[in-house]
Ligand code: B12
Ligand code: SF4
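Written out as structure tokens, the structure reads:
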């Protein structure tokens, strides 16, 4: 019998939810799937593919004889590797289809690199339709959601209606029967997610906010008219996935909810908390937003096992937040949200900041320092830079405002991986901004606050001291990380409060 096979490839993400949902959809429609996890996640310094890894992928694909290879291009930050893979597979004569968040935003770039087709937004139904059409030798060009090159331009077909009830798509595959990890010059069989300590899940898709540096609103603008900005799964579907994860991933101790904003619709949280406590019982984390924090909701979730709340604040400067980032919460809203989080008794709070970018000045950095001084309770700051991402609204703002030239911006958006990740992690900015940045970092450690108060009157006169303590504090960060992990384990054992 002729094989009906699709090879799916995820980049730098062995838990790739997009690929796992697509695998379920294809299998339910009677297709074989080989899932390739191409290189592990490395948030600091991911390296491009080696010739050996590309050869391993080509061999694997040749063995599977798929109708096409589907590449999940979630982020532009790995385009360097995606380009290597597209070119290698095309040289080997394979049909290449791309999808994922970034592919949906810029199909032309992937088609120009050599991909045959791009499918935009939700892929579950369109990928099956494309596979069936190609398998039967039909012409796919009329299919919804499809993009392809035609007559020197890009043809973008209308996007298929999105399912409002996400349960219709099924649950992501937790343990793929034909999965491979290609990394470190080797190709290993088996689903690389199985030995994980922490499972990643989403209960919804979409975000109602409009941050200019984030692609969520740009993706939302692509949705067919009438689509809901946020779509949900049922509590029961989420629980069934997590029960499966507990069965399959024997070392599991933690669950990350990676919803852009954890669902807070009336009734959902209560039903979730009751079911989670009874059926799952593992410590978990959520992402939230200053405008969404709600005391009752946090208390309910804490009772079910919530141990960490991660919230984006991004800047203490009202100007940067409102005029540049289009985040409309006030400093008062942020302060209130941090008070509610501290008061909820959730073990750990992490606050994200994007700092020392082209819009930052010493004055705005100082405003961030002042805001951080008001944050109560136990927390950690996740301070990083700003990555300009293709198609996001902040890109033309930065160019038109004269902060970055059009040429510099183009080079930044598509820079090699090493450069993009170093912008994310390394502090830039003038000397004054950097002093305020370092003081902000130091403030998160209660025992260093006295020194901050001594130096904040004239940081420029204490440059050496501030730099030295900043260096030392990086070691405290490591120790704090271990304390945090220990706290989570205690809670897993039912010993922490
Ligand atoms: C959750 C999330 C994460 C999680 C992922 C968890 C996991 N287990 O996969 C974590 C925190 C790990 C993460 C990491 C990163 N993320 Co992220 N992430 C998201 C978020 C909020 C949701 C993604 C998601 O899981 N959606 C649910 C799944 C089911 O949908 P999906 O992935 O889009 O897949 C569907 C379709 O796209 C399509 N599809 C997907 N693949 C394919 C392949 C084919 C062939 C086809 C046909 C269809 C198809 O079908 C799928 C099912 O419907 C998005 C925002 C967004 N709205 O997309 C940002 C987002 C994708 N992330 C982003 C970024 C930048 C990153 C990081 C680079 C951050 C960093 N500095 O390290 C890394 C990169 C990770 C990687 N290796 O690619 C950006 C990407 C923009 C860009 N131009 O790069 C986004 C858009 C957010 C933003 N800031 O704008 N992320
Ligand atoms: S709140 Fe988060 S996910 Fe939503 S638009 Fe802003 S950055 Fe993106």
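In my numbering, the protein residues as written are 3 to 499. The beta carbon of each residue, even a glycine, is placed where N, CA and C say it ideally should be. Since this is a predicted model, take the numbers as computed values, not measurements.
Short note on residue 392: C-beta closer than 7 Å to some heavy atom of ligand 1. Where residue 353 is concerned, the enclosing beta strand (DSSP E) starts and stops at 350–356. In this structure, residue 63 places its C-beta atom within 8 Å of the C-beta atom of residue 91. The Cβ neighbour count for residue 185, taken over all protein chains shown within 10 Å, is at least 16; the residue is labelled buried.
With three or more CB-CB distances shorter than 8 Å, the segment 51–59 counts as touching the segment 168–187. Taking residue 25 as the centre and dropping the five residues before and after it, the same chain places the C-beta of 10, 35, 37, 175 and 178 closer than 7 Å to its C-beta, in chain order. Annotated as proximal: residue 471 and residue 453, with beta-carbon spacing under 8 Å. In this chain, the beta strand (DSSP E) harbouring residue 74 covers 70–74. Residue 204 holds the alpha-carbon nearest to the alpha-carbon of residue 288 among 171, 204, 297 and 221.
Residue 238 counts as exposed, since fewer than 16 other beta carbons sit within 10 angstroms of its beta carbon. For residue 34, there is no enclosing alpha helix (DSSP H); the enclosing beta strand (DSSP E) covers residues 34–40. When secondary structure is reduced to three states using DSSP, residue 346 falls in the helix class. Taking each of 156, 337, 381 and 394 in turn and checking the Cα distance to residue 326, the smallest one comes out for 394. For residue 397, the enclosing alpha helix (DSSP H) has its first and last residue at 396–402. In this structure, residue 349 and residue 489 form a Cβ contact; the two beta carbons are roughly 6 Å apart against a cut-off of 8 Å. Rounded to the nearest whole angstrom, the C-alpha separation of residue 339 and residue 293 is 8 Å. For residue 454, the uninterrupted alpha helix (DSSP H) segment begins and ends at 451–457. In the displayed model, residue 370 falls within a helix according to three-state DSSP.
About 7 Å separates the beta carbon of residue 215 from that of residue 391, a gap short enough to meet the 8 Å contact definition.
Shortest Cα-Cα distance from residue 241 to any of 283, 211 and 380 involves 283.
CA-CA distance, residue 113 to residue 14, rounds to 21 Å. In the assembly as shown, residue 407 is an exposed residue. Its beta-carbon has fewer than 16 other beta-carbons within 10 Å. A straight-line Cα-Cα distance of about 10 Å links residue 398 and residue 405.
Not one heavy atom of ligand 1 lies closer than 7 Å to the C-beta of residue 239. Residue 186: not part of any beta strand (DSSP E); DSSP gives it neither H nor E. Bounds of the alpha helix (DSSP H) holding residue 471 are 465–494. For residue 407, the shortest C-beta to heavy atom distance toward ligand 1 is 7 Å or greater. Between the C-alpha atoms of residue 98 and residue 8 there is a straight-line separation of about 10 Å. Between the alpha carbons of residue 262 and residue 208 lies a distance of about 7 Å. In the assembly as shown, residue 170 is an exposed residue. Its beta-carbon has fewer than 16 other beta-carbons within 10 Å. DSSP places residue 298 within a helical segment (H, G or I) once states are collapsed to three. In terms of Cβ geometry, residue 302 and residue 275 form a close pair [threshold 8 Å]. The beta-carbon separation of residue 88 and residue 117, rounded to 6 Å, stays under the 8 Å limit for a contact. Judged by DSSP in its simplified three-state form, residue 238 adopts helix.
Secondary structure of residue 195 (DSSP, three-state): coil.
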